[in-house]
Structure formats: C-alpha cells, structure tokens
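Novice: The structure under discussion is supplied below as structure tokens; questions concerning it will follow.
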Amino acid sequence: MSDQDWSRVFDRSYAEHSRSTRQRVWREVYGPEYAEHAEPYSYVSRSELEMFAEYLRVGPSDTLADLGCGRGGPGLIVAARTGARLIGLDLSEVAIADARRAAERFRLSSPAEFRRSDIAATGLPDGCVEAAMSVDALTFAPDKQQALREIARILTPGGRLVFTSWDYRRTPDNRPPQVADHRPLLDRAGFDVLAYQETTDWRNRWQATSEGMIAHRAELVAELGEERAEATVQSLRRQLDDQLPLATRRVLAVAERRRTNRMPRG
Ligand SMILES: C[S@@+](CC[C@H](N)C(=O)[O-])C[C@H]1O[C@@H](n2cnc3c(N)ncnc32)[C@H](O)[C@@H]1O
C-alpha cells in the first residue's frame, strides 16, 4: 500500500528525468517498435498506438480523452491518426506544460486541450467524450474502481475505452493498491469488455529497459548529475526486484460503455 502524493512524485520525475539516455535505451530495446514521435513515458509501442487508433473508433467529429496523458505524445499521435479532438488530463503540472508544447509540433485539425486533473475526478461533464484512452496510468490510481466509474460517466453510451495497464498477484510495496484482473471492475463500472489481451513482450521490455538504463549509469550521471542518476538507478532496481516479479501481465483492454441501464453484474 502507499499513500504517496503521486502528483509530486511525477512532477519531480518529469522535471528531473533523463531524456536522452532514456530515448537511447528505449530505441535499443524496442527497435522499430519504438514510438519515436510519441516520446512516451511508458511502455507503449508503435503497434499498440495503431491499435488504440483502430479500437477507439473515433473520427473528426468526436472528442477523445487521454487519462494520465503525461507529456501528451501518445494521445496526440492517436488524435492525429483519427482526426478526433483531444482532451489530455494528468495529475502532473510539469507533464501538462510539456504536453501543451508537444501539441505545437502536431498539426491537428482541432486544437488539443490539456488540463491538470485526476483520472478518478476529472471535473468533465457527463457523457462529454465519445472515447477515452489511457496508457500505463491506471496502475497509479489508488481506487481503480472509482477511476473506471468516472471514465464511464464522462463517456457517451456506446463510447469506447482502450487502455494499457498491469494485473498484479499482489500490491508491491510503495505502490497504490493493484488488482488481479480489471474485467470485474470494468463490468461493475458499466462497461462490456470487448478484448483483454496480454501485450507483446512486456516483461522483457520492462526488464531490458530498466537494465539498459542501469548499464548506462555513466551517461545518466553526465545527463543528471550524480545524485539524481543514483536516485534513478535505485528506483529502477526497486522496479526489477519488487514490482516486476509481482506483475502477472500487462494488458491492452478494449471496453464499451453499455447503452442500456442494465445493472452491472456483482
Ligand atoms: C507511466 S506515465 C504514462 C504517461 C503517458 N500516458 C505516456 O504514455 O507517456 C503515468 C502518468 O499517469 C499520471 N497519473 C498518475 N496517477 C494519476 C491520476 N490519479 N490521475 C491522472 N493522472 C495520473 C502521471 O502523472 C503520469 O504522467
């Protein structure tokens, strides 16, 4: 369990993290699957972004929310691909400022909007988006059931949610509570689950990127200074030792907000 202030954790990590060493390691591990223009702060791949664009089923007259959008790249890529208007939400003010700058690089037909807010309490009106996506962010929401209910609330009936996240056998130390399977939570939140698939090579990519960063410690020191480089290495070691062994799968889920008022199961 963890009662960490995740907005502070992410503000600090976005302000202080390595960009060039990280990109280099991600490119080495992902090869042609590295989502270059998205500059992800996640494990999303090029193929996954294509799946997001396809499964979300949105077009130019629709609005798409990206929950836990980080620096915006993945949502901006999907918006550029589909023509949908993008609203990106994230807890981190630093990430939101970066996302606004990233949006200037994309020539979107309708301007993207980025706001600081919590996945579980977005402040958006009921039924205001036709689709929602989330890349590797739900894992940080302390109450995943509430987060999914909130996403159902802002979606129009029949609207789709596509997300990637992890199932865990138990919650690692210093992490918010994790779940073994998101499908019952999706059902209770009012979604029909259309697909729930384990993502390609996720364990190897997590391990290889973490080990790759640790192996490039000298570059990290040159980029960040000794203290921040050491903090980065320690955090990566905790991921390898405490978090990765407890994760059972990284999933890409596709769910549709039910149109009927049928009571969710359970
Ligand atoms: C691993 S990063 C992924 C960022 C982005 N989706 C990407 O693929 O680059 C997780 C993001 O979730 C955000 N986050 C964590 N908890 C959140 C919450 N409760 N509400 C909104 N954003 C949250 C963090 O600030 C961070 O930007």
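Using the numbering used here, read the sequence shown as starting at 4 and increasing by one per residue.
Cβ atoms here follow ideal geometry from the backbone N, Cα and C, with glycine treated the same way.
Check whether the segment 142-149 touches the segment 75-86, taking contact to mean three or more Cβ pairs, one atom from each stretch, closer than 8 Å.
Specialist: Short answer: they don't touch.
Novice: In angstroms with no decimal places, state the Cα-to-Cα distance between Val132 and Val81.
Specialist: 15 Å
Novice: So, helix, strand or coil for Asp195, using DSSP?
Specialist: Residue state, collapsed to three classes: strand.
Novice: Counting C-beta neighbours from all protein chains within 10 Å, is the total for Thr203 16 or more, i.e. buried, or is it exposed?
Specialist: exposed
Novice: Take the Cβ of Glu259 as the centre, count every other Cβ of all protein chains shown within 10 Å, and call the residue buried at 16 or more, exposed below.
Specialist: buried
Novice: Would you please state the rounded distance, in angstroms, between the beta carbons of Arg119 and Asp139? I believe it to be under 8 Å.
Specialist: Incorrect: roughly 19 Å between the Cβ atoms, too far for contact.
Novice: Which of the three DSSP states is assigned to Arg163 in this structure?
Specialist: The answer is strand: DSSP assigns Arg163 an E or B state.
Novice: Between Leu249 and the rest of its own chain, which residues show a CB-CB distance below 7 Å, the 5 nearest in sequence each way excluded?
Specialist: Tyr171, Arg172, Arg173 and Pro175
Novice: For Phe13, which residues in the same chain have their Cβ closer than 7 Å to its Cβ, ignoring the five residues on either side in sequence?
Specialist: Leu94, Ser95 and Ala98
Novice: Looking at the strands, I want to know which residues DSSP matches up with Ile90.
Specialist: Ala68 and Glu116
Novice: Jot down the residue ranges of each uninterrupted alpha helix (DSSP H) in the segment 14-48, minimum 4 residues, whole runs only, in chain order.
Specialist: 23-33
Novice: Identify the continuous beta strand (DSSP E) that holds Thr251 and give its terminal residues.
Specialist: Ala250 to Arg260
Novice: Does Asp146 come out as helix, strand or coil in the three-state DSSP assignment?
Specialist: coil
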